[in-house]
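Residue numbers (the working numbering): 607 to 814. Glycine included, every Cβ here is placed at the ideal spot set by N, Cα and C.
Structure representation (structure tokens):
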């Protein structure tokens, strides 16, 4: 029997106890019998619901959550509709929610502040920062084209478009450095594409 938290951390059979605290997302996971590769969502019963379906318990006033876009060790991002302006946004929240520790809250706040300092056409823009029932969130510009990683699919690209892409990203990074922000995690998976193909650097969770 193995146990896997929704953030991806796994416990070996020898480590499983009645209650476990995930070292990555800080959620408390109740151990129960599970087959290999099965993931148990924190604070919820095991479910066969598709991962892109938004959890019913997630609610943020002013937003209608449409689907889950992705998650990492600390945060989860949803596609949502901002009701007041009737526009699609990316809504980022902390996995641990109201149970997040001081370090995670500080990192989450620092990420929002870093993005807010950057007004650049090749950096995702932040719209709003808020908190609901102790659960912090911020909404971002939604990029419907997915990630550069998905578009490239590990294949080599023609020299000229590749060089132009690198120059575009380099100029955006220089603008960030000029504003005192160092991304520290630039990779194809953290570069998004707008509907018109414009590249947008995202995920400033490790920025300094």
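Mind checking whether residue 778 and residue 729 have CB atoms under 7 Å apart? In contact: residue 778 and residue 729 (Cβ atoms closer than 7 Å).
Got a sec, what are the start and stop residues for the beta strand (DSSP E) residue 733 sits in? Segment 732 to 738, the beta strand (DSSP E) holding residue 733.
Residues near residue 664 in its chain [Cβ-Cβ closer than 6 Å; skip 5 each side]: Result list for residue 664: 671, in chain order.
Can you list, in chain order, the residues of its chain whose CB lies under 6 Å from that of residue 683, leaving out five sequence neighbours each side? Cβ neighbours of residue 683 beyond the five flanking positions: 675, 676, 696 and 698.
Does residue 791 pass the burial test, meaning 16 or more other C-beta atoms within 10 Å, or should it be called exposed? So residue 791 ends up on the exposed side.
Buried or exposed (CB count within 10 angstroms, at least 16 for buried), residue 768: Residue 768 is exposed by the Cβ-count criterion.
Is the Cβ-Cβ distance between residue 706 and residue 749 less than 7 Å? No, they are not a contact pair.
If you compare alpha carbons, which of 710, 795 and 715 is closest to residue 732? Among 710, 795 and 715, the Cα nearest to that of residue 732 is on 715.
Whole angstroms is fine: what's the gap from residue 736's alpha carbon to residue 805's? Answer to the nearest angstrom: the Cα atoms are 26 Å apart.
What residue range is occupied by the uninterrupted beta strand (DSSP E) comprising residue 723? Unbroken run through residue 723: none, as it is neither H nor E.
Is it buried or exposed for residue 642, if we count other Cβ within 10 angstroms and need 16 for buried? Low per-residue confidence applies at residue 642: pLDDT is 39, beneath 50, and the placement is therefore not dependable, though the value from the model is reported in the following sentence. So residue 642 counts as exposed.
Given a cut-off of 7 Å on the beta-carbon distance, is the pair residue 771 and residue 794 in contact? No, these two residues do not count as a Cβ contact at 7 Å.
Taking the Cβ atom as the reference point for each residue, do residue 813 and residue 720 lie within a distance shorter than 7 Å? Contact: yes.
Name the two residues that bound the continuous beta strand (DSSP E) containing residue 764. In the DSSP annotation of this structure, residue 764 is not part of any beta strand (DSSP E), being labelled neither H nor E.
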